[in-house]
Amino acid sequence: MTTQRPLALVTGGSSGIGFELAKQFAQNGFDVAISGSSDKVHAAADALRELGAEAYPHKADAATYDGVEGFWTFVTGLGRPVEAAALNVGIGQGGAFVDNTLEPEFRLIAVNITGTVHLAKRVVQHMVPNGRGRILITSSVSATLPTPYETVYGPSKAFGFMFAESLREELRGTGVTVTALLPGATDSQFHKNAGMASSAIDQGKKNDKTEVARQGFEALMNDVDHVVGGDEETKQTVVDNRVTPEPVKAARHAEKTKLRG
188 MTTQRPLALV
198 TGGSSGIGFE
208 LAKQFAQNGF
218 DVAISGSSDK
228 VHAAADALRE
238 LGAEAYPHKA
248 DAATYDGVEG
258 FWTFVTGLGR
268 PVEAAALNVG
278 IGQGGAFVDN
288 TLEPEFRLIA
298 VNITGTVHLA
308 KRVVQHMVPN
318 GRGRILITSS
328 VSATLPTPYE
338 TVYGPSKAFG
348 FMFAESLREE
358 LRGTGVTVTA
368 LLPGATDSQF
378 HKNAGMASSA
388 IDQGKKNDKT
398 EVARQGFEAL
408 MNDVDHVVGG
418 DEETKQTVVD
428 NRVTPEPVKA
438 ARHAEKTKLR
448 G
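Going by my numbering, the first residue of the sequence shown is number 188, and it counts up by one from there.
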């Protein structure tokens, strides 16, 4: 298929916020390459094609070097410049640190930190010589506070936020922009997949993932340095977090995330 539409890539694009981001790109004139860890990535691509975009699905394990590198090789094999990249894939891990086994936490770090740096390196070194490009890095409201009972997840998202802000400044003047998206609790399977179905945060109020993705997409296209994804209450939480003592925030978060018998 010959197309004049610009190409975007979205990691974790088969469900949740990632799929909604891919839809935003598709609805706003982009073709989209998406990665996902299961065969759902192919059904997601079919849905994107129904929106008028060409979609290129790739199944890969974002926790491995070969998985990340394989997706990038797949994208470059399309023979088209990447105009936008949403580095969105991320996983959580609930439960007390003392009780959790080490392997899932290493996997979380591999996906949320190592994989993000890996793909960002490829994307940046592709975009800068072209003199243009937009990068969106999905962090979390969890980046703005301690996250007991998600004790590895929150710091991984704090890394993503500061990584995005740092990279944005480095790339100033190159034509490549970087935006961070900080969603609050969202109506996806994220917390259930993290083993947190019994927590108050999973059973409580959540933001609409379509709206969160729209906010992220608009911030990306308008070269905003970061945007909080969610309603006004979610946005105010981040404002309040700037002045609330860390122990107070930690205690409040623990009430929401501690697993219930």
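All residues carry an ideal CB built from backbone N, CA and C; glycine is no exception.
For the beta strand (DSSP E) that K246 lies in, which residues bound it at each end?
Element bounds for K246: 242 to 246.
Can you tell which of D427, A249, G216, V228 has the C-alpha that lies nearest to the C-alpha of T331?
D427
Can you say whether M349 is buried or exposed, counting buried as having 16 or more other CB atoms within 10 angstroms of its CB?
Flag for M349 reads exposed.
Between the alpha carbons of R309 and W259, how many angstroms are there, rounded?
7 Å
Could you tell me which of A250, K246, S201, V197 sits nearest to A234, measuring between CA atoms?
S201
DSSP state of N394 mapped onto helix, strand, coil:
Note: N394 maps to strand in three-state DSSP.
With H, G and I counted as helix, E and B as strand and the rest as coil, what does DSSP make of T288?
coil
Label Y340 either buried or exposed according to how many other C-beta atoms from any shown protein chain fall within 10 Å of its C-beta, with 16 as the threshold for buried.
Counting of Cβ neighbours within 10 angstroms places Y340 among the buried residues, the total reaching 16 or more.
I'd like to know whether the C-beta of R294 is nearer than 7 Å to at least one C-beta of chain B.
Absence of chain B from the displayed structure is noted, only one protein chain being present.
Assumed close pair V276, G205 - CB separation to whole angstroms, cut-off 8 Å:
7 Å
Strand pairing of H413, partner residues [DSSP]
Per DSSP, the beta-bridge partners of H413 are A367.
Endpoints, the beta strand (DSSP E) within which R321 is located
320 to 325
Cβ distance (whole Å) where N380 is taken to contact I221 below 8 Å
For N380 against I221, the beta-carbon gap comes to about 18 Å, at or over 8 Å, which does not count as contact.
For A250, which of helix, strand or coil comes out of DSSP?
coil
Give the range of the beta strand (DSSP E) segment to which D233 is assigned.
Segment 227 to 236 is the alpha helix (DSSP H) holding D233; no beta strand (DSSP E) there.
Is it right to say Y336 is buried, meaning 16 or more other beta carbons lie within 10 angstroms of its own, or is it exposed?
buried
To the nearest angstrom, how far is it from the Cα of G320 to the Cα of G362?
Just so you know, the alpha carbons of G320 and G362 end up roughly 7 Å apart.
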